[in-house]
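What follows is a single structure, written as structure tokens, with notes after it.
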Amino acid sequence: MITDNYKEVLSEVNSVTLKTGRDINDVCLIAVSKTKPSEAISKLYEIGVRDFGENKVQELCSKYEELPKDIRWHLIGHLQRNKVKYIVDKVFMIHSVDSVRLAEEIQKEAAKKNLIVNILIQVNVACEESKFGLDTEDTEKIIKNIAVMPNIKIKGLMTIAPFVSNGEENREIFQKLKQLSVDIAKKNIDNVCMNVLSMGMSGDYTVAIEEGATMVRVGTSIFGERNYNRQGECL
Ligand SMILES: *Cc1c(COP(=O)(O)O)cnc(C)c1O
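Following the numbering used here, the residues of the sequence shown are numbered contiguously, the last one being 269.
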């Protein structure tokens with residue numbers, strides 16, 4: 035079931051990628067496994083899936099312990115500074131860096147372990163008050179401040195678009211993130227590459243790919259609905 039869902043989403047990802055004239059390997063499908071048990075991840079691992087997304091440090095750490103070590107864990111949720119130390123050596127990429135202070139903490143912990151940590155800068159393109167992420171106007175300045183940190187490598191940008199019933203409604207947001215990434219790439223800032231654009235979720239990943247996404251983060255369409263409590267928090 036989960037594997038069928040995954041294959042369906044992957045074939046959609048590949049077909050849209052090819053339609054936009056890009057190479058199939060240009061877009062990475064991240065299976066967002068938050069709230070789902072390790073057994074569900076194992077099923078996908080068995081068919082060759084290696085990229086998984088989690089939004090909570092504790093959950094990522096316990097799944098990390100249980101599952102094969104060649105999984106590429108993507109931390110996609112808000113990261114608190116006091117939790118950085120638990121994950122710097124476990125994640126393939128942190129998608130949600132939205133302040134210099136957080137980056138400083140990542141730098142400190144990465145240096146202790148002698149690692150280079152790949153990060154994306156999270157931009158709140160939609161200017162939603164409830165969302166984390168930088169304002170578009172602040173992004174370049176903050177990237178310049180982070181770029182000097184020797185144990186961090188900035189790979190690109192990430193955004194979380196609003197939840198909409200029709201993915202088309204988010205097209206403009208994806209275009210804006212793409213434009214911002216092109217603008218920043220032109221500045222040729224040392225130690226910064228803008229190769230990665232992490233945008234698009236279950237409801238809008240095809241639109242995101244059309245607008246240049248290189249990573250799409252898909253949960254519900256692969257694993258099914260998640261359970262939420264009354265506060266709207268994932269259980
Ligand atoms: C949960 C989550 C996703 C996946 O959302 P779906 O709508 O279930 O595909 C993607 N990105 C982030 C940051 C998330 O927290």
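Each residue gets a CB set at the ideal place from its N, CA and C atoms; glycine is no exception.
- For Met183, the closest C-alpha among the options Asn152, Thr193 and Ile207 is that of Asn152.
- Annotation: Ala65 to Thr193 spans about 17 Å, alpha carbon to alpha carbon.
- Look at Gly258 here: in three-state DSSP terms it is coil, with no helix or strand label.
- Listed in chain order, the non-local C-beta contacts of Val131 below 6 Å within the same chain comprise Ala137, Ile153 and Ile155, local neighbours out to five positions each way being set aside.
- Taking C-alpha positions only, Asn185 is separated from Ala247 by approximately 26 Å.
- Distance from the C-beta of Thr254 to the nearest heavy atom of ligand 1 is below 8 Å.
- Under DSSP, Asp85 takes part in a beta bridge, and its partners are Arg106.
- The residues Met228, in chain order, have a CB closer than 7 Å to that of Ala219 in the same chain once the five nearest residues on each side in sequence are set aside.
- With fewer than three CB-CB distances shorter than 8 Å, the segment 91–104 does not count as touching the segment 54–62.
- For Arg251, the uninterrupted beta strand (DSSP E) segment begins and ends at Met249 to Val252.
- Taking each of Arg251, Glu245, Gly258 and Phe257 in turn and checking the Cα distance to Leu52, the smallest one comes out for Glu245.
- Taking C-beta atoms as the reference points, Tyr40 and Val91 fail to come closer than 9 Å.
- Looking at the DSSP output, Cys95 bridges to nothing.
- Asn89 has its CB nearer than 8 Å to a heavy atom of ligand 1.
- Distance from the CA atom of Met233 to the CA atom of Ala242, rounded to whole angstroms, is 6 Å.
- A distance criterion of 8 Å places the beta-carbon of Ile110 in contact range of ligand 1, judged by its closest non-hydrogen atom.
- Distance check between Ile75 and each of Ser49, Gly55 and Asp104 places Asp104 closest, using alpha-carbon atoms only.
- Counting along the chain, no beta strand (DSSP E) covers Ala145; the unbroken alpha helix (DSSP H) around it starts and ends at Val134 to Lys146.
- In the DSSP annotation of this structure, Asn185 is not part of any beta strand (DSSP E), being labelled neither H nor E.
- Here the alpha carbon of Ser49 sits roughly 33 Å from the alpha carbon of Ile177.
- By the C-beta density criterion, Val216 is exposed, having fewer than 16 other C-beta atoms within 10 angstroms.
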